[in-house]
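S.K.: Start counting the sequence shown at 1; every next residue gets the next number (full-length UniProt numbering).
Backbone N, C-alpha and C fix where the C-beta goes; we use that ideal spot for every residue, glycine too.
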Amino acid sequence: MNAHLTRRADAVRAASSARLKCITSGQISQCPRVQIRHQAQPTTLQGGHTASSVKGLCTEINGFSYPIDEWTNVPASILASVSRRLHVQPSHPVSLTRQLIESRFPSPTYIHYNNLSPVVTVSQNFDSLGFAADHPGRSRTDTYYINEHTVLRTHTSAHQADTFRKDDSEGYTISADVYRRDAIDRSHYPIFHQMEGARMWDRRKTPEGDIAKTVWSDVQRLPKRTLRVEDPNPTVNPERNPLQAKYHSIEEVEAMAAHLKRSLEDVIFELFSKATESAAAIGNTEMPPEEPLRVRWVEAYFPFTSPSWELEVFWQGDWLEVVGCGIVKQDLPINAGVPDKVGWAFGVGLERVAMLLFGIPDIRLFWSQDRRFLEQFSSNQPIKPFVPFSKYPACHKDVAFWLRSTSSSAGGGSRGNSQDFHENDIMEIVRNVAGDSVEDVRLVDEFSHPITARKSLCYRINYRSLERTLRNEEANELHQMVRERLVDQYGVELR
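1) Going by DSSP, what residues sit across from Arg228 in a beta bridge?
2) Tell me the residue span of the beta strand (DSSP E) that contains Lys246.
3) With a floor of 4 residues, list each alpha helix (DSSP H) that falls wholly inside the region 353-409, ordered by position along the chain.
4) What is the rounded straight-line gap between the Cα of Leu357 and the Cα of Ser169?
5) Kindly give me the distance between the Cβ atoms of Ala212 and Leu332, rounded to whole angstroms, as I take these residues to be in contact under 8 Å.
6) Give the range of the beta strand (DSSP E) segment to which Leu311 is assigned.
7) Please name the residue in Arg495, Ser123, Asp266, Thr305 whose C-alpha comes closest to that of Arg221.
8) Can you grab the Cα-Cα spacing for the pair Pro189 / Glu375, in whole Å?
9) Can you say whether Asp420 is buried or exposed, counting buried as having 16 or more other CB atoms within 10 angstroms of its CB?
10) Starting from Asn432, trace the alpha helix (DSSP H) both ways and give me its first and last residue.
11) Out of Arg240, Tyr172, Lys329, Val430, state which residue places its alpha-carbon closest to the alpha-carbon of Val298.
12) In its own chain, which residues sit with a C-beta less than 6 Å from the C-beta of residue 520, not counting the 5 before and 5 after it?
13) I'd like to confirm the pairing. Which residues does DSSP put opposite Arg468 in its beta bridges?
14) Rounded to the nearest angstrom, what separates Ser77 and Pro93 at their Cα positions?
15) How big is the Cα-Cα spacing for residue 506 and Pro118?
16) Got a sec? Which residues, its chain only, sit under 7 Å from Leu116 by beta carbon, not counting five neighbours each side?
17) Could you check where the alpha helix (DSSP H) with Lys213 kicks off and where it finishes?
18) Return the chain-ordered list of same chain residues with a C-beta closer than 8 Å to the C-beta of Ala258, the five sequence neighbours on each side being excluded.
19) Rounded to whole angstroms, what's the CA-CA distance from Glu230 to Leu152? Just pull it up for me.
20) Give the single residue among Asn476, Leu470, Arg468, Val438 whose Cα lies nearest to the Cα of Arg186.
21) Buried or exposed: where does Thr452 fall if 16 or more other Cβ atoms within 10 Å of its Cβ makes it buried?
22) Let me confirm a value: Asn424 is counted as buried when at least 16 other C-beta atoms fall within 10 Å, else exposed. Which label applies?
23) Buried or exposed: Asp440, going by 16 or more other Cβ atoms within 10 Å of its Cβ?
24) Beta-carbon within less than 7 Å of Phe131's beta-carbon, same chain only, minus the 5 sequence neighbours each way: which residues are those?
25) Under the three-state reduction of DSSP, which class applies to Tyr172: helix, strand or coil?
26) Does the region 365-375 come close enough to the region 80-99 to have 3 or more Cβ pairs within less than 8 Å?
27) Label Phe447 either buried or exposed according to how many other C-beta atoms from any shown protein chain fall within 10 Å of its C-beta, with 16 as the threshold for buried.
28) Are at least three pairs of beta-carbons, each pair with one atom in the region 344-351 and one in the region 66-73, less than 8 Å apart?
29) Would you mind reading off the limits of the beta strand (DSSP E) that contains Lys455?
30) What is the DSSP secondary structure of Asn335, counted as helix, strand or coil?
31) Going by beta carbon distance, what residues of the same chain come within less than 7 Å of Phe386, once the five residues before and after it are set aside?
32) Please report the Cβ distance between Leu271 and Val353, rounded to the nearest whole angstrom; I am assuming they are in contact, meaning their Cβ atoms lie under 8 Å.
33) On the DSSP letters alone, give me the boundaries of the alpha helix (DSSP H) that Asn125 sits inside.
34) Mind checking which residues open and close the alpha helix (DSSP H) that includes Lys341?
35) DSSP beta-bridge partners for Gly324?
36) In angstroms with no decimal places, state the Cα-to-Cα distance between Ile184 and Cys325.
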């Protein structure tokens, strides 16, 4: 392996070794050198440790130690990135996007939370939000578990119940890094950033308990933007978008929906107007102004709101989903101990919006530390279209293999030292081996043997660095490591 790749591998090993310690009688002491290997099934650790021998080991995240166990599946590459916190880095496009959205939700009505720990309990991440015990989001194929009871948050909503319970303000926004095992392509990354917000009204503090009248009064104080708004559906629909009739009147929901929609239309107007102005200032004809900006409201389903909507924007010739929102399901404030609060909530992916506003074509770029990327952005000019630097050549390589006869692509039980295979597992292996030197991974062939019913899969891996030319020899070395890890961890038979 060349010097560049060797240095990268050494850095990852060092980072992992530094994080893993041992707890003895309540005191932190030196542990054997181990490295967490990401698996969807019980963890195997480097240096001879297995799922039955992890007791007493812990991992350190942001200065706090957490015990690890057979549920642990967070790789060193993810742990090494926890401290990056792009959403609060000055002049980073994710941070600039966050600040622009926050500016439309002013204090003291809204408090902005940007420094909440990414480590949450399973109860915070799933139970408090009503996730069923068998919900696929709880699976280790989808979620990074620190241990059986602790995860890296998969959404900012993990903090929703606690924020409702604090009851510090009428509204809030939460912006944070979130973590999910996912595909490898230009729009997916295992760490991304979300913002969610909510505006609540308290029946106890509302004159005569008239929520609808109070909310309509607040609506009149919101700015009304010049937009072409398409909103053809009624606020509620008994089948598609039901009213929470046990808790809300139709008049209350009509008022809260109007407040929600005008608030988010204000955000969208601000964001896309600035993007259009910036593009025009530098003579960018690829972003012609749409006068006025077109938006439309579409009925949707979300587990935490009802009725629910998505707001789409017509941008560069396409309708694009930007934000999801709705009236907060009343079970959430009830379970948080504030049953008299009613209101709305929204959620938005900051990278998705930033890619649209800045014209950034590949989500990996947000994690680049290349000056050619970072120096294009400044808080003095919040939205400035990204100017691509040289695109380096791609190197495509296929890996084909037979799954074990007991395996399925959806995952399941394990046998022996190998693990059942889930598509996210190959994504994790590729990321751990090649980091951001892979542009995408996709399934190109799937075959079941007509006699044995054994399944064969073929994935095409597109090796392409954002920052330099990746030589074929380097790609070959990385690819061989991917092949070896597939065999070692999942017992596949290479073709």
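M.R.: Judging by the given coordinates:
1) Checking the DSSP bridge columns, you'll see Arg228 partnered with Arg294.
2) Bounds of any beta strand (DSSP E) do not take in Lys246, whose DSSP letter is neither H nor E.
3) Segments of the alpha helix (DSSP H) lying fully in the region 353-409: 371-374.
4) Their Cα atoms are separated by approximately 30 Å.
5) In fact, because the Cβ distance is near 21 Å, the residues do not count as touching under 8 Å.
6) Counting along the chain, the beta strand (DSSP E) containing Leu311 begins and ends at 305-315.
7) For the residues Arg495, Ser123, Asp266, Thr305, the minimum Cα distance to Arg221 belongs to Asp266.
8) It is worth fixing the name first, because residue 189 is Tyr in this sequence and not Pro. Roughly 22 Å between the two C-alpha positions.
9) Counting other Cβ atoms within 10 Å of its Cβ, Asp420 reaches 16 or more and is therefore classed as buried.
10) Segment 423-434, the alpha helix (DSSP H) holding Asn432.
11) Nearest of Arg240, Tyr172, Lys329, Val430 to Val298, Cα basis: Arg240.
12) There is simply no residue 520 to check, as the chain begins at 1 and stops at 495 in what is shown.
13) Paired residue(s): none; Arg468 is not in a bridge.
14) About 22 Å.
15) Any answer about residue 506 is impossible in this case: the structure gives the chain only from 1 up to 495.
16) Cβ neighbours of Leu116 beyond the five flanking positions: His159, Ile174, Ala176.
17) For Lys213, the enclosing alpha helix (DSSP H) covers residues 211-219.
18) These residues qualify, in order along the chain: Val215, Trp216, Val219.
19) So the alpha carbons of these two residues sit roughly 38 Å apart.
20) Out of Asn476, Leu470, Arg468, Val438, the CA that lies nearest to the CA of Arg186 is found in Val438.
21) Label assigned to Thr452: exposed.
22) Asn424 should be labelled buried.
23) Buried: at least 16 other Cβ atoms inside 10 Å.
24) Only Gly137, Arg138 meet the Cβ criterion.
25) Under the three-state reduction of DSSP, Tyr172 is assigned to strand.
26) The count of Cβ pairs closer than 8 Å, one atom from the region 365-375 and one from the region 80-99, reaches three, so the stretches are in contact.
27) Answer is exposed; the Cβ neighbour count stays below 16.
28) With the cut-off at 8 Å, the region 344-351 and the region 66-73 do not touch.
29) For Lys455, the uninterrupted beta strand (DSSP E) run begins and ends at 455-463, by DSSP.
30) Asn335 falls in the helix class under three-state DSSP.
31) Correct list, in chain order: Phe358, Gly359, Ile360, Gln376.
32) Leu271 to Val353, Cβ: 7 Å. Contact.
33) 122-125 is the extent of the alpha helix (DSSP H) around Asn125.
34) Unbroken run through Lys341 is the beta strand (DSSP E), 341-349; no alpha helix (DSSP H).
35) Glu310, Gly347, per the DSSP bridge assignment.
36) Using only the alpha carbons, I get a separation of about 27 Å.
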